[in-house]
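*Asks:* According to our numbering, the sequence shown holds residues 4 to 313 in order. Where is the CB? At the ideal position from N, CA and C, for every residue including glycine. It should be emphasised that the depicted structure is a prediction, and the values quoted were computed from it without experimental measurement. Just passing along the structure, written as structure tokens.
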Amino acid sequence: MQNSRSLIFSSRLMAAGVGLAGAALCFALVGTFVFDQDTDTVTLPVPVEYVIAKQVQYSFALQNKTNRVIPKAEFWAYAPVKQTATQLHARLDCNHPYQLIGDNSGNQVLHLTFDNLTPYATRLITVRADLGLSQKSNPLPQAPLPWDLKAEKHIESDHPAIRRLAAQLKSPDRFETVERIFSWVVQHIAYSGYARDNRGALYALEYKKGDCTEYMSLFVALCRASGISARGIGGYICPESTQLKPGAYHNWAEFYHNGAWQIADPQNNVLMQNQADYIAMRIIRAHEDNPMGSFNRFRVKGEGLKVKMN
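Right under this line is the structure:
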């Protein structure tokens, strides 16, 4: 028998009728996983549920600040991540034509083009997304990727100082190791206010301070140094359907436990709680394989263009 991997999903509508301007969708999915390797067959029925419906809206003002026509104005922005253990992106609307670009991490990027943008003209871009969310982490067919265990820029899990601390916190029980790492970061890192630049895990360890990005980076680095898959996430905390605002952007972490990604937000002292409040817009990688590169929320191309998130 040839090696194969198949996934079959059936879905049914569980909830509708919430949000800013219409129905948001929420699905319960039942997955059947079949792994055939040589002559062995294993079937694992896994329930996947996203039973909390929310809608988020966000907008940008794109302006030509010059007295010249811009022949081609390009704009990119993240849409909600297609699917995580606690989030399913069901529908996307935008008031302008767009292309949706995906990457290997599950990120989604909106790409809009405006031809011959006249002097001082402004284009208002409004995006609405319907989401299904879950308080519990759902197991998904995608296993952690190899780089979820590796050092990278700002996640210096191979640095001797981080490795030493990870060794001190390590327990024979993997989840107890996570709890110890989480508690250490919460107790020893002081919030120093928003900083534009990502200063990384080693900075947080050395100076014992940072914003949400440094909390995230240090937690992820210590997990990876302990052999636990972990990754950074960018997005928003939204207990209800809402209008996303630029000042509310937040970074947190996910770690892999019991076959699913779990949320850890050390800056807010939240470990595997209120997971349906977290709207993931970006799974953070050192080398993004999408047009956004290192930009957190949006990117523009065109001389004289300015953009502001409303």
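For a minimum of 4 consecutive residues, which ranges assigned as the alpha helix (DSSP H) are wholly contained in the segment 154 to 184?
*Replies:* Those alpha helix (DSSP H) runs which fall completely within the segment 154 to 184 and span 4+ residues are 163 to 172.
*Asks:* Whole angstroms is fine: what's the gap from residue 106's alpha carbon to residue 289's?
*Replies:* Here the question's residue 106 lines up with position 103 in the sequence shown. Here the question's residue 289 lines up with position 286 in the sequence shown. Taking the straight line from one Cα to the other gives about 14 Å.
*Asks:* So for residue 221, helix, strand or coil by DSSP?
*Replies:* To locate residue 221, count along the sequence shown from 1; it is residue 218. Three-state result, residue 221: helix.
*Asks:* Could you check what DSSP says for residue 52 in three-state terms: helix, strand or coil?
*Replies:* Taking the first residue of the sequence shown as position 1, residue 52 is located at position 49. Here residue 52 sits in strand by DSSP.
*Asks:* In its own chain, which residues sit with a C-beta less than 8 Å from the C-beta of residue 294, not counting the 5 before and 5 after it?
*Replies:* For the purposes of this step, residue 294 is taken as the residue at position 291 of the sequence shown. Around residue 294: 79, 104, 112, 114 and 302.
*Asks:* Note down, in chain order, each residue of its chain lying with its Cβ closer than 6 Å to the Cβ of residue 225, except the 5 sequence neighbours on either side.
*Replies:* For this step, residue 225 is matched to residue 222 along the sequence shown. Result list for residue 225: 169 and 184, in chain order.
*Asks:* Quick one: what's got a C-beta closer than 6 Å to residue 43's C-beta in the same chain, skipping five residues either side?
*Replies:* The residue labelled residue 43 in the question sits at position 40 within the sequence shown. Residue placement at residue 43 is poorly supported in this model, since its pLDDT is 30, which falls under 50; the coordinates are not used for a value here.
*Asks:* Run the CB neighbour count on residue 296, radius 10 Å, all protein chains shown included, and call it buried at 16 or more, exposed below.
*Replies:* Mapped onto the sequence shown, residue 296 falls at position 293. So residue 296 ends up on the exposed side.
*Asks:* Could you spell out where the alpha helix (DSSP H) holding residue 206 opens and where it closes?
*Replies:* Taking the first residue of the sequence shown as 1, we reach residue 206 at position 203. First-last of the alpha helix (DSSP H) with residue 206: 203 to 210.
*Asks:* Restricting to Cα atoms, I'd like to know which of 197, 84 and 188 is closest to residue 286.
*Replies:* On the sequence shown, position 283 is the one that residue 286 refers to. Looking at the Cα atoms, 84 is the closest of the given residues.
*Asks:* With a threshold of 7 Å on Cβ separation, who are the neighbours of residue 174 within its own chain once the five nearest residues in sequence on each side are excluded?
*Replies:* To locate residue 174, count along the sequence shown from 1; it is residue 171. If we look at residue 174 and ignore the five residues flanking it on each side, its Cβ neighbours are 180 and 183.
*Asks:* Check each candidate in 244, 258 and 67 and name the one with the smallest Cα separation from residue 124.
*Replies:* Locating residue 124 in the sequence shown gives position 121, counting from the first residue. Nearest C-alpha to residue 124: 67.
*Asks:* Can you tell me which residues form a DSSP beta bridge with residue 274?
*Replies:* Position 271 of the sequence shown, counted from the first residue, corresponds to residue 274. DSSP lists 267 as partners of residue 274.
*Asks:* Let me know the secondary structure DSSP gives residue 250 once reduced to three states.
*Replies:* As a first step, residue 250 must be located in the sequence shown, where it is residue number 247. Correct three-state label for residue 250: helix.
*Asks:* I'd like the list of long-range same chain contacts for residue 238, defined as Cβ closer than 6 Å, with 5 residues on each side in sequence excluded.
*Replies:* Residue numbering aside, residue 238 sits at position 235 when the sequence shown is read from its first letter. So the list reads 282, 283 and 284, once near-sequence residues are dropped.
*Asks:* Just the C-alpha distance for residue 249 and residue 201, rounded to the nearest angstrom, thanks.
*Replies:* Locating residue 249 in the sequence shown gives position 246, where the first residue counts as 1. Locating residue 201 in the sequence shown gives position 198, where the first residue counts as 1. Each residue's Cα considered, the two are about 17 Å apart.
*Asks:* Measure how close the beta-carbons of residue 164 and residue 205 come, nearest whole angstrom, since I'm counting them as under 8 Å.
*Replies:* By 1-based counting over the sequence shown, the position of residue 164 is 161. By 1-based counting over the sequence shown, the position of residue 205 is 202. Their Cβ separation, rounded to whole angstroms, is 7 Å, which keeps residue 164 and residue 205 in contact under 8 Å.
*Asks:* Helix, strand or coil: which one does DSSP assign to residue 215?
*Replies:* What you label residue 215 is simply residue 212 of the sequence shown in a count that begins at 1. Here residue 215 sits in helix by DSSP.
*Asks:* For my contact list, residue 192 and residue 212 are in at a C-beta cut-off of 8 Å; report their separation, rounded to the angstrom.
*Replies:* Counted from its first residue, the sequence shown places residue 192 at position 189. Counted from its first residue, the sequence shown places residue 212 at position 209. Contact holds; Cβ gap of about 6 Å.
*Asks:* Whole angstroms are fine: how far does the CA of residue 230 sit from the CA of residue 305?
*Replies:* One-based indexing of the sequence shown puts residue 305 at position 302. One-based indexing of the sequence shown puts residue 230 at position 227. Distance between the alpha carbons of residue 305 and residue 230: 44 Å.
*Asks:* Near residue 268, which residues of its chain fall below 6 Å by C-beta distance, leaving aside the five closest residues on each side in sequence?
*Replies:* Here residue 268 corresponds to residue number 265 of the sequence shown, with the count starting at 1. Closer than 6 Å at Cβ, skipping near neighbours: 255.
*Asks:* Using C-beta distances below 6 Å, list every residue in its chain close to residue 312, excluding the 5 sequence neighbours before and after it, in chain order.
*Replies:* By one-based count along the sequence shown, residue 312 stands at place 309. These residues qualify, in order along the chain: 63 and 249.
*Asks:* On a CA-only basis, which of 214, 155, 210 and 82 is nearest residue 198? Give me that one, please.
*Replies:* As a position in the sequence shown, residue 198 is number 195, starting the count at 1. Among 214, 155, 210 and 82, the Cα nearest to that of residue 198 is on 214.
*Asks:* Return helix, strand or coil for residue 97, following the three-state DSSP convention.
*Replies:* What you label residue 97 is simply residue 94 of the sequence shown in a count that begins at 1. Here residue 97 sits in strand by DSSP.
*Asks:* According to the Cβ coordinates, are residue 219 and residue 203 closer than 8 Å?
*Replies:* Residue mapping note: residue 219 aligns to position 216 of the sequence shown, counting from 1. Residue mapping note: residue 203 aligns to position 200 of the sequence shown, counting from 1. Result no, Cβ atoms of residue 219 and residue 203 do not sit closer than 8 Å.
*Asks:* Quick one: give me the first and last residue of the beta strand (DSSP E) that residue 77 is part of.
*Replies:* To locate residue 77, count along the sequence shown from 1; it is residue 74. Residues 73 to 82.
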